[in-house]
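Chemist: Protein sequences, first through last, are from chains A and B.
Add 185 to a position in the first sequence, counting from 1, and you land on the number used in this note's numbering.
Add 51 to a position in the second sequence, counting from 1, and you land on the number used in this note's numbering.
Backbone N, C-alpha and C define an ideal beta-carbon position, used for all residues, glycine too.
Here the structure is a predicted model, which means the values were calculated and not measured.
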Amino acid sequence: MTATAASRGGTAAHRVARVVLTVALAGSRSPWGAAVVAELDQVTGTRAVLRWTAGGLRVAWRERRGVRRTVAAALVATAVLATFTVRYIPSASMAPALDVSSRALVDRLTFRLTGVDRGDVVVLRVPTGMGGWFTTVDRIIGIAGDTIDCDEGRVRRNGAALDEPYTRGAATDCTPVTVPDGMLYVLGDNRTVARDSRHYGPQPVGNVQGRVLA
Amino acid sequence: MPRLPHTSPQTLLVFECLLAAPDAWRYGYDLSRETGLASGSLYPILMRLADGSLLETRWEPAEQPGRPPRHLYRLTPDGAALAAERLARRAAAEADRVAPAARLRPRAAS
Chain A
186 MTATAASRGG
196 TAAHRVARVV
206 LTVALAGSRS
216 PWGAAVVAEL
226 DQVTGTRAVL
236 RWTAGGLRVA
246 WRERRGVRRT
256 VAAALVATAV
266 LATFTVRYIP
276 SASMAPALDV
286 SSRALVDRLT
296 FRLTGVDRGD
306 VVVLRVPTGM
316 GGWFTTVDRI
326 IGIAGDTIDC
336 DEGRVRRNGA
346 ALDEPYTRGA
356 ATDCTPVTVP
366 DGMLYVLGDN
376 RTVARDSRHY
386 GPQPVGNVQG
396 RVLA
Chain B
52 MPRLPHTSPQ
62 TLLVFECLLA
72 APDAWRYGYD
82 LSRETGLASG
92 SLYPILMRLA
102 DGSLLETRWE
112 PAEQPGRPPR
122 HLYRLTPDGA
132 ALAAERLARR
142 AAAEADRVAP
152 AARLRPRAAS
């Protein structure tokens, strides 16, 4: 065997590389990772050791399907958790469908792909008018092009009265408006307390933060 | 048509290297040096060849106590035949690339 700088253990780079590869290969039953580690003694120079180790990690990755599956599952789980979040309902404006301080599952991603539609309950960011924002949860009543008005306590969309069982029969009073492009008209179900498009008008679709699933 | 296996330039480098001394057992590190392939490219190739019974492997017991045994590689007869065939195929393809220019030039404009 060639005499290398490595007496027992070798340089610091060798020792680090051996530890890294040993950890990466723990539990592996295939011989290939050990084969890469065994050659480490021959490699001289820190850069060469790093290159050899990087290749060894690729080998470890290749031969350990279990690890690959775990990492893939972790990535999927992260994506799911980033998409779906649970948040507290900030007000009573959506009662009784969503009670104040109850929790709701919010989808923060897929509505960006599918768009939002009438009837969707969304988390919406609304400017306070004083430079800040507040977050509200409301139901989409009108989308771009819809004309919304109220007649004897009932909301009408494009002249047709809506059937709104979720309001429990509360009367709604509003100013007629036609929703501009890229905007949404939203109302809280709890019409007597909700602050919504009746007060702050249609809001940009871009301010939707998520869609409430449950 | 599916791509022919064991024809990548990297695999051919390994074939050349192993065919240079077909009966010798070779170390992975030496193959890496001679082919210029990083371990992350070389070992997956060796793994594929071994999976296909084109490469045989054995462990060399450590000469000094406390040293890990080293892994050795040699083409099987099947592997050597396939390696020779793949290298010949590439040589033929290269000859084809150089030659046909002269053959194709006289072409009537329609």
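1. How long is the line joining the alpha carbons of B:Glu114 and B:Glu136, rounded to whole angstroms?
2. Mind listing which residues of the segment 224-240 of chain A have their C-beta closer than 9 Å to chain B's C-betas, in chain order?
3. Does the pairing of the segment 109-125 of chain B with the segment 71-90 of chain B give three or more beta-carbon distances under 8 Å?
4. Give the straight-line distance between the Cα atoms of B:Met98 and A:His199, rounded to the nearest whole angstrom.
5. Closer than 9 Å, CB to CB, is B:Gly103 near chain E or not?
6. Can you check which of these residues, A:Gln394, A:Asp366, A:Gly395 and A:Ala356, is closest to A:Arg383 by C-alpha distance?
7. Let me know the secondary structure DSSP gives B:Gln61 once reduced to three states.
8. Closest Cβ-Cβ distance between A:Arg247 and chain B: below 9 Å?
9. Can you pull the chain B neighbours of A:Trp217, defined as C-beta to C-beta under 7 Å?
10. Counting only beta-carbon separations shorter than 9 Å, does B:Leu119 have a partner in chain A?
11. What residue range does the beta strand (DSSP E) around A:Trp318 cover?
12. Is it true that the CB of A:Ile328 sits closer than 9 Å to the CB of A:Leu369?
13. Does any residue of chain A have a CB that is nearer than 9 Å to the CB of B:Pro60?
Modeler: Quick look at the numbers:
1. 37 Å
2. Glu224, Leu225, Asp226, Gln227, Val228, Arg236, Trp237, Thr238, Ala239 and Gly240
3. Verdict: yes, contact present.
4. 24 Å
5. Going by chain labels, chain E is absent from the structure shown, which instead holds the protein chains A and B.
6. A:Ala356
7. helix
8. yes
9. The answer, in chain order, is Tyr94 and Met98.
10. It is Pro, not Leu, that sits at residue 119 of chain B in the sequence shown. Chain A contact via Cβ: present.
11. Trp318 to Gly327
12. yes
13. no
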